[in-house]
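Structure first, then comments.
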Amino acid sequence: MLEVNNMIINLSKLLDGSENIVKIDDVFDLSYLNIRGKRVEFHKPLALNGGIYKTDDGIFINLDISYEYTDVCDRCLEEFTNKQTSVLSGKIIEKAEDDSKEEITIYLDKGKIDLEKAIKKVIVLDFPMKSLCNSDCKGLCPKCGINLNGEQCECDTTDVDPRLEKLKELLD
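If you read the sequence shown in our numbering, its first letter stands for residue 45, the second for the next number, and so on.
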């Protein structure tokens with residue numbers, strides 16, 4: 045049986061050879077994360093599915109992290125909900141052998157690993173650079189500020205190069 049306390053996982057059976065794989069099918073309760081200056085709220089606990097396995101080359105992890113979060117669209121400023129799955133995979137190493145150039149490193153400490161920091165880091169790295177409620181979001185009108193996804197505005201959207209503004213006045 046997998047012993048999980050918070051996100052600390054005991055790998056003693058994997059290390060002593062009595063098991064070759066440790067399956068993970070659990071949840072991690074995370075209410076929010078600050079990502080790029082924004083507070084991102086999670087609706088329910090993160091679903092974790094995967095495993096930790098031992099080979100001749102070392103101990104490896106492969107974990108799918110599924111979550112649902114609330115964010116604000118960068119174009120129309122409306123709040124929306126999104127579902128996403130991130131993958132945490134890599135080699136688990138002893139602190140003494142830390143020559144890793146990986147962005148996410150999971151250390152084995154006294155037969156246990158702590159996945160909390162790694163899970164948070166994977167979510168931050170996988171988070172979209174531009175948050176959109178949908179890919180064809182029209183955003184806000186730059187003149188009147190109306191949300192163009194639901195309404196039409198009567199603003200003149202023809203942009204005139206400021207260097208040619210005087211010529212436009214002659215034509216009017």
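Each residue gets a CB set at the ideal place from its N, CA and C atoms; glycine is no exception. Remember, it's a predicted structure, so these values are computed and weren't measured experimentally.
Candidates the options: which alpha carbon is nearest residue i's?
i, options, result
"residue 130", "169, 87, 78, 184", "169"
"residue 70", "92, 177, 100", "92"
"residue 97", "72, 123, 78, 64", "64"
"residue 113", "90, 158, 184, 150", "90"
When the Cα atoms are used, what is the spatial distance from residue i to residue j?
i, j, result
"residue 162", "residue 181", "32 Å"
"residue 109", "residue 200", "46 Å"
"residue 81", "residue 53", "30 Å"
"residue 218", "residue 127", "Missing from the structure shown is residue 218; the chain here goes from 45 to 216 and no further."
"residue 47", "residue 155", "In this prediction, residue 47 scores a pLDDT of 41, lower than 50, which makes its location untrustworthy; no coordinate-derived value is stated."
"residue 209", "residue 202", "12 Å"
"residue 49", "residue 187", "Low per-residue confidence applies at residue 49: pLDDT is 46, beneath 50, and the placement is therefore not dependable, though the value from the model is reported in the following sentence. C-alpha separation (whole angstroms): 54 Å."
"residue 137", "residue 102", "8 Å"
"residue 60", "residue 88", "35 Å"
"residue 45", "residue 51", "Low local confidence applies: a pLDDT of 36 at residue 45 is under 50, so the model's placement there is unreliable, and no value is given."
"residue 94", "residue 57", "17 Å"
"residue 196", "residue 67", "53 Å"
What are the start and end residues of the alpha helix (DSSP H) that includes residue i?
i, result
"residue 58", "56-59"
"residue 137", "Careful: residue 137 lies outside any alpha helix (DSSP H), inside the beta strand (DSSP E) at 123-138."
"residue 170", "160-170"
For the beta strand (DSSP E) containing residue i, list its first residue and its last residue.
i, result
"residue 210", "No beta strand (DSSP E) holds residue 210; the alpha helix (DSSP H) holding it covers 209-215."
"residue 92", "90-99"
"residue 102", "102-116"
"residue 200", "Unbroken run through residue 200: none, as it is neither H nor E."
"residue 78", "76-79"
Quick one: measure Cβ to Cβ for residue i and residue j, integer angstroms, because I've assumed they're closer than 8 Å.
i, j, result
"residue 104", "residue 134", "7 Å"
"residue 157", "residue 55", "6 Å"
"residue 107", "residue 164", "With a Cβ gap of about 13 Å, residue 107 and residue 164 do not count as contacting."
"residue 148", "residue 166", "6 Å"
"residue 124", "residue 185", "The Cβ separation is near 19 Å, so there is no contact."
For the ligand NAP, is there a heavy atom less than 7 Å away from the beta-carbon of residue i?
i, result
"residue 212", "For the ligand NAP, the structure offers nothing, since it holds no ligand at all."
Problem set entry | Stretch-stretch touch, CB-based, cutoff 8 Å, three pairs: the region 187-195 with the region 119-128 | yes
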